[in-house]
Structures are given as C-alpha cells and as structure tokens.
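Q: Under the numbering used here, the first residue of the sequence shown is numbered 433, with each subsequent residue one higher. We treat Cβ as the ideally placed atom computed from N, Cα and C, and that holds for glycine.
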Amino acid sequence: MLKNVYVVLLFFGMAVLSTSCDAQGPMVIHEYDETFSDIKEIEVSGKYLEVSYEGSENSSNVYLNSYLEVPESSGLDLEFRKSGSKLIIEVTGDSGSINFFNMGMSRGGFISLTGPENMKLNITNNSGSVDVKYVKHDVIDLKVNSGSIKALALDVENIKLKASSGSIRAEGLTGEVSAQVNSGSITLKEVLGNVDAQASSGSLKLEDVEGIVNGKVNSGSMRFDRIGTLGDLTVSSGSINATNSGLGGQTNLKSSSGSIKVQTPSDLSKFNFSLSANSGSVKVGDSSGSKKLDIDNSSDVTVHGKASSGSIKIFN
C-alpha cells in the first residue's frame, strides 16, 4: 500500500513539473558577442543573470559575451547602448514570470565583460551574482538584492559593496571600503585602506587589513585577524574576537550580549582603558576587575569597551 502511495506521489510531482514547464512556453536563446571602443564607464542591470567583469592592462576595448535562455513569452532580452564614453547594459522584459527551478542552476544565462583595468563600474543585480576582478579607478559600486558579490584585486579609491540578502567576499583591495549586507556574511582579506562594514544579521570576518576597521553587526559575530587598528565596533547580539590586531584612539568595543576578546601586538602601557561589563569580568594584561576597569597610563589615547552581558579581555 505504501509503495503505491509513493508511485502516485511521484507521478503527481512529474505532472506538476511538466505543467509548470509547459506554462512557461517554448524557450528561446539570445547570444551576443560585441566589441566596444572608447569606453570609460560601464553600467549594468543584470536582474537574475551572473555578471562578471575582468580588467586587463593590455586591453583597450570592452568585450561583451552574453547568453540568455528564457521563455519566449517573457520577452526577456539583453539591450546595450553607448552614451558618450559610457556603456549601458540591461536585461529587459519580465523576469518575475520565470520559474528558475525548472531552468536549472544556471538561471538562464550570464553577462561576461572584459576590458581595460581603468574602468568605472556600476553593477546592480536582483538575484544574480556579481564577480569583478583587476580594476583600477576612483570609484566602484556593486549591488545585489539577493545574491553574492565577489571582488578580487581592486585598486579603487572608493569601493562600495552592498548585498541586501547574500554574501560579500573580497580579496586584494586597495582603497576605502564600504561593505554592507542586511542578511548574510562579509569576508574581506588583504585590504590596504580603511574598512566600514555592516551586517544587520550575519557575520563579519576580516583578515590582513592595513587600516582602521569600523563595523556593526546586529545579530551575529565579528572575527578579525591582523588588523592595523580596531575602530568603532558594535555587536548587538554576538561576540567580538580579534587576534594580532592593533589598538588606537578610535578603538571603541561594544557588545550587548556576548564577549569581547582582543589579542593585540600594541603596547598596552601606551593606552588608557575605560572598560565595563555589566555581567562578567574585565581584564587588560595582568590587571583585572569585576564589572569595571579603568586604567590611567597618562596617555593621550583611551581605549573604550562595554559588554552588557559578557566579559572583556585585552592582552598581548
């Protein structure tokens, strides 16, 4: 009897899948291979497609390679046009009518761009991924609503990375970095510059940053290793853990529910400390206290820290 039930469910599932596929209608393929010259800026609205850009010091033209496989009824296509030295690329049509489950993991295509290293990029996606590498410029702006951002070897004065729901992973960055996720994770490695990172719900992990790191996580954790200077760091529900990370005049560590633990190469005698823990211990080097610890080393710089529920430990 049980076997018959499984068979019925299997046939029912196949029927639903077939009906859904049929509802989308016949599929069409759009492929483009284009070359553009004299481009200084690229703006992409990729909707659900995977979008990538790779810069090359030996390239003067921009090369576009794209592929879309979509239901004919959706009217989805790729449009591109030049406006002066700006290349504008966008997916047009109704992507909301697509059943991505039936289209497979490829989600119907990609937009692949290669061109000069010196390029201004503004890339926005709804549910696709963004992958950018080897770019030099004054500013870069990468955004996804529900997807991932990957960045490698960016030499850009102002780096803006934002994912509403997803992940941000970047490595080899030179410039001022602003990274933000509403629900997801941020992982940054090898950054030469200051970092401002925020995650509403998720985790923050930074390694090898030669600059000041400021960060805020509402619900999650912060982990740091080899940070030039810890700045203003706040965790609403979670912990702050740092190793081989420097202290400075902007160091202000706060955790509403969790512990703060910092291993630093900085000379502790060069700083004053004003630390408190409502429910836990406080320790700096060999000095410790219960709930509160103030150390006056006659320094011009004071390190601040507060843990509403948890402990604070700063040591070499």
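Taking only three categories from DSSP, how would you classify Leu545?
A: Correct three-state label for Leu545: strand.
Q: I need the straight-line Cα distance from Ser390 to Lys472, nearest angstrom please.
A: Here the chain covers residues 433 to 748 and nothing more, so residue 390 does not appear.
Q: Is Leu700 helix, strand or coil when you go by DSSP?
A: Of the three classes helix, strand and coil, the one that applies to Leu700 here is helix, per DSSP.
Q: Under 9 Å between the Cβ atoms of Leu481 and Ile543?
A: Cβ distance < 9 Å, so Leu481 and Ile543 count as in contact.
Q: Given this structure, state the Cα-to-Cα distance separating Ser515 from Leu553, to the nearest angstrom.
A: Using only the alpha carbons, I get a separation of about 15 Å.
Q: How would you write the range of the beta strand (DSSP E) that Glu590 sits in, first residue to last?
A: Residue 590 is actually Asn in this sequence, not Glu. Element bounds for Asn590: Val562 to Leu624.
Q: For Thr675, list the residues DSSP reports as bridge partners.
A: Bridge partners of Thr675: Asp657.
Q: Return the bridge partner residues of Gly721 from the DSSP annotation.
A: DSSP output for Gly721 lists Val714 as bridge partner(s).
Q: According to DSSP, Tyr485 sits in a beta bridge with which residue or residues?
A: Tyr485 is bridged to Leu545 and Val564.
Q: What are the boundary residues of the beta strand (DSSP E) that includes Asp470?
A: Note, Asp470: premise wrong, no beta strand (DSSP E); not H, not E.
Q: If you draw a straight line from the C-alpha of Ser711 to the C-alpha of Ser740, how long is it?
A: Whole-angstrom Cα-Cα distance: 7 Å.
Q: Near Gly678, what residues of its chain come up, given a Cβ to Cβ distance below 8 Å and the 5 sequence neighbours on each side ignored?
A: These residues qualify, in order along the chain: Ile659, Gly660, Thr661, Leu662, Thr696, Pro697 and Ser698.
Q: Is it buried or exposed for Ile461, if we count other Cβ within 10 angstroms and need 16 for buried?
A: Exposed, by the Cβ-count rule.
Q: For a quick check, are the C-beta atoms of Asp664 and Gln682 less than 9 Å apart?
A: Taking 9 Å as the Cβ cut-off, Asp664 and Gln682 qualify as a contacting pair.
Q: In whole angstroms, give me the CA-to-CA distance for Val483 and Ser492.
A: Distance between the alpha carbons of Val483 and Ser492: 20 Å.
Q: Please work out which residues of its chain come closer than 8 Å, Cβ to Cβ, to Asp526, disregarding the five sequence neighbours upstream and downstream, and give them in chain order.
A: Counting only Cβ-Cβ distances below 8 Å, and skipping sequence neighbours, we find Ser506, Gly507 and Leu508.
Q: Exposed or buried, which one is Lys738 when buried takes at least 16 other CB atoms within 10 Å?
A: Its Cβ being crowded by 16 or more others within 10 Å, Lys738 is buried.
Q: Alpha carbon to alpha carbon, how far is Ser635 from Gly625? Give it in angstroms, no decimals.
A: Looking at the two C-alpha atoms, the distance is approximately 21 Å.
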